[in-house]
Amino acid sequence: MLQSSPRVVILGAGFGGLETTKALGRAQVEITLIDRENYHCFQPLLYQVATAALSPADIAWPIRHILRRQKNATVFMTEVTGIDVRARVVHTKAGPFSFDFLVIATGARNSYFGHDRWAEIAPGLKRIEDATRIRRSILSSFEKAELARDDAERKRLLTFVIIGGGPTGVEMAGAIAEVARQTLARDFRRIDPRTARIVLIEAGPRLLPTFSDQHSSYARDTLVAMGVDVMTSSPVLECDERGVDLASGRIDAGSVIWAAGVMASPAAQWISTEHDRGGRVVVCPDLSLQGFNNIFVIGDTASVKDASGRPVPGLASAAKQMGKYVGKLIAARVVGQSLPPFRYRHEGSLATIGRRAAVVELGALQLRGFIGWMFWSAVHIYFLIGIRNRFVVAITWLWSYVTFKRGARLITEVPPIAPAE
Ligand SMILES: Cc1cc2nc3c(=O)[nH]c(=O)nc-3n(C[C@H](O)[C@H](O)[C@H](O)COP(=O)(O)OP(=O)(O)OC[C@H]3O[C@@H](n4cnc5c(N)ncnc54)[C@H](O)[C@@H]3O)c2cc1C
Numbered sequence: 013m014l015q016s017s018p019r020v021v022i023l024g025a026g027f028g029g030l031e032t033t034k035a036l037g038r039a040q041v042e043i044t045l046i047d048r049e050n051y052h053c054f055q056p057l058l059y060q061v062a063t064a065a066l067s068p069a070d071i072a073w074p075i076r077h078i079l080r081r082q083k084n085a086t087v088f089m090t091e092v093t094g095i096d097v098r099a100r101v102v103h104t105k106a107g108p109f110s111f112d113f114l115v116i117a118t119g120a121r122n123s124y125f126g127h128d129r130w131a132e133i134a135p136g137l138k139r140i141e142d143a144t145r146i147r148r149s150i151l152s153s154f155e156k157a158e159l160a161r162d163d164a165e166r167k168r169l170l171t172f173v174i175i176g177g178g179p180t181g182v183e184m185a186g187a188i189a190e191v192a193r194q195t196l197a198r199d200f201r202r203i204d205p206r207t208a209r210i211v212l213i214e215a216g217p218r219l220l221p222t223f224s225d226q227h228s229s230y231a232r233d234t235l236v237a238m239g240v241d242v243m244t245s246s247p248v249l250e251c252d253e254r255g256v257d258l259a260s261g262r263i264d265a266g267s268v269i270w271a272a273g274v275m276a277s278p279a280a281q282w283i284s285t286e287h288d289r290g291g292r293v294v295v296c297p298d299l300s301l302q303g304f305n306n307i308f309v310i311g312d313t314a315s316v317k318d319a320s321g322r323p324v325p326g327l328a329s330a331a332k333q334m335g336k337y338v339g340k341l342i343a344a345r346v347v348g349q350s351l352p353p354f355r356y357r358h359e360g361s362l363a364t365i366g367r368r369a370a371v372v373e374l375g376a377l378q379l380r381g382f383i384g385w386m387f388w389s390a391v392h393i394y395f396l397i398g399i400r401n402r403f404v405v406a407i408t409w410l411w412s413y414v415t416f417k418r419g420a421r422l423i424t425e426v427p428p429i430a431p432a433e
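Quick note, the sequence shown lines up with residues 13 to 433 if you use this note's numbering.
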């Protein structure tokens, strides 16, 4: 009797899940890859969709297309709702899937630190829908301001608050400043978009806390030179439809954007296991689940330590390294071999500040300013999937660099704008 190949079920086609699938390309296994979306999203460029520089299709690719040549992989679009680790079954909205090996790579979601109500008011940036919602909110604020009949209301609508001074907050603040001061500068008749106020609020003492002090100060100085109000050591106390409250007072705002934190997908609840404060599943040195050597958790959903005991950061490169490792480990196990424990290699940190500056920390290579921005652009184009996307993004950036234009300025899926009172 022919023995069937081991069934590997991979949850999530993000950076980690895709890498696992590819690493199993030559293995004698039957892969089922499940994602709630039909595309893989390049999250590092989501802020460019949110600020109308790129279109969603420039940073996302159909999963089926990416894996069209990998015959041992079958893709299903459905949402995971639970996992029975003992019965070896994944539950989804489309029914159960049995597995011999399971890889959980469902990433992270926005976290409002107990203020879940703020999600409606201050969208975070995690999915394509979030990016188009933020784009809608930013562009609609300018449209409503043009209609406003009252100075205070106009001023409120032209105030943009970004909560969280990590790379996403810094990137959003710089990009919104450019939208207001350059892209839209001459497009309105009753308002002057250049008068918009962009406020970046950070609870901690400095921006970009995972970067060096020097680069953190550089980011602050660059944003201030672009006309952004940077407020550090300023935790947000309350957030409502018309603005935010800080200990130092109230800021009325037309758009509030959340860039202050994420937590892991609910995998720890699905498998009822130990997790850290960010909801990440605590895994063994080979990324398997304690007591289950056929179940692995990787990427933003996993709590892993590096060789010196520091937590592995929630970065695309970390998720890819984990994905590749687990793919190779399963391929080895299938033929009766094993691999040494996972070792994380930090490949560096990058953040861009507007269209002319970035900070880059890659071991001994420390860059900032325009040269840093050139390096950041090259790296992001290199990591995009597909020749078409690389070409489109490179040309779009070059065009907007020369002209200050942003082509994706569409307000979609929104009811007609009511005049501001
Ligand atoms: C705005 C932003 C900017 C970033 N910038 C950078 C950067 O510059 N550099 C960097 O290295 N990292 C960056 N990151 C972090 C990086 O994107 C993540 O670390 C990386 O995506 C983690 O990979 P992952 O495979 O764990 O999860 P993801 O890539 O998030 O993939 C998770 C997948 O699981 C799917 N999924 C989730 N839940 C379910 C479910 N219930 N059922 C089915 N499918 C599900 C999702 O649709 C998704 O496709 C950024 C993240 C964000 C949000």
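Every residue, glycine too, gets a C-beta built ideally from N, C-alpha and C.
Query - Nearest residue (CA-CA) to residue 362, options 386, 278 and 353 - result: Position 350 of the sequence shown, counted from the first residue, corresponds to residue 362. Closest option to residue 362, Cα to Cα, is 386.
**Report entry** Under the three-state DSSP convention, the category residue 84 falls into
**Finding:** The count along the sequence shown starts at 1 and reaches residue 84 at position 72. In the structure shown, residue 84 sits in coil (DSSP, three-state: anything other than H, G, I, E or B).
Requested in this report: With a 10 Å radius around its C-beta and 16 neighbouring C-beta atoms as the bar for buried, classify residue 45 as buried or exposed.
Outcome: Reading the sequence shown from its first residue, position 33 is the one you call residue 45. Buried, by the Cβ-count rule.
Query raised in the report: What is the DSSP secondary structure of residue 194, reduced to helix, strand or coil?
Result: Taking the first residue of the sequence shown as position 1, residue 194 is located at position 182. Three-state DSSP puts residue 194 in a helix.
**Report entry** Residues that residue 174 bridges to, as DSSP identifies them
**Finding:** For this step, residue 174 is matched to residue 162 along the sequence shown. 212 and 269.
Query - Contact check, residue 103 vs residue 73, beta carbons under 8 angstroms - result: Residue 103 sits at position 91 when you count from the first residue of the sequence shown. Residue 73 sits at position 61 when you count from the first residue of the sequence shown. Taking 8 angstroms as the Cβ cut-off, residue 103 and residue 73 do not qualify as a contacting pair.
Query raised in the report: Would the C-beta of residue 23 count as close to ligand 1, meaning under 7 angstroms from any of its heavy atoms?
Result: Within the sequence shown, numbered from 1, the residue matching residue 23 stands at position 11. Answer for residue 23: yes, Cβ within range of ligand 1.
Query raised in the report: Would a C-beta distance cut-off of 8 angstroms place residue 248 and residue 242 closer than the cut-off?
Result: Looking up residue 248 in the sequence shown gives position 236. Looking up residue 242 in the sequence shown gives position 230. For residue 248 and residue 242, no; Cβs fall outside 8 angstroms.
**Report entry** Per DSSP, cross-strand counterpart(s) of residue 380
**Finding:** Locating residue 380 in the sequence shown gives position 368, counting from the first residue. Residue pairing from DSSP places residue 380 in a beta bridge opposite 371.
Query raised in the report: Whole-angstrom Cβ separation of residue 291 and residue 271, contact assumed at under 8 angstroms?
Result: Counting from 1 along the sequence shown, the entry for residue 291 is found at position 279. Counting from 1 along the sequence shown, the entry for residue 271 is found at position 259. Cβ atoms of residue 291 and residue 271 stay farther apart than 8 angstroms, at about 18 angstroms.
Requested in this report: With hydrogens ignored, establish whether the beta-carbon of residue 46 is closer than 7 angstroms to any heavy atom of ligand 1.
Outcome: In the sequence shown, residue 46 corresponds to position 34, counting from 1. Indeed, a heavy atom of ligand 1 lies less than 7 angstroms from the Cβ.
Report task. Decide if the segment 180 to 195 is in contact with the segment 365 to 384; the criterion is three or more beta carbon pairs, one per stretch, under 8 angstroms apart. Result -> A contact exists between the segment 180 to 195 and the segment 365 to 384.
Query raised in the report: Taking the C-alpha atoms as reference points, what is the distance between residue 11 and residue 309?
Result: Within the shown structure, residues of the chain are numbered from 13 to 433, placing residue 11 beyond reach of any answer.
Query raised in the report: How big is the Cα-Cα spacing for residue 35 and residue 336?
Result: As a first step, residue 35 must be located in the sequence shown, where it is residue number 23. As a first step, residue 336 must be located in the sequence shown, where it is residue number 324. Answer to the nearest angstrom: the Cα atoms are 6 angstroms apart.
Requested in this report: Count the other C-beta atoms from every protein chain shown that fall within 10 angstroms of the C-beta of residue 418, then say buried if there are 16 or more, exposed otherwise.
Outcome: Here residue 418 is taken as the residue at index 406 of the sequence shown, counted from 1. In this structure residue 418 is buried. Its beta-carbon is surrounded by 16 or more other beta-carbon atoms within 10 angstroms.
Query raised in the report: For residue 156, does the count of other Cβ atoms within 10 angstroms reach 16, so buried, or fall short, so exposed?
Result: Counting from 1 along the sequence shown, the entry for residue 156 is found at position 144. Residue 156 comes out buried.
Query raised in the report: When burial is assigned at 16 or more other CB atoms within 10 Å of the CB, is residue 230 buried or exposed?
Result: One-based indexing of the sequence shown puts residue 230 at position 218. The residue in question, residue 230, is buried, as its Cβ has 16 or more Cβ neighbours within 10 Å.
Query - Three-state secondary structure (DSSP) of residue 325 - result: Stepping through the sequence shown from its first residue, residue 325 is reached at position 313. Residue 325 falls in the coil class under three-state DSSP.
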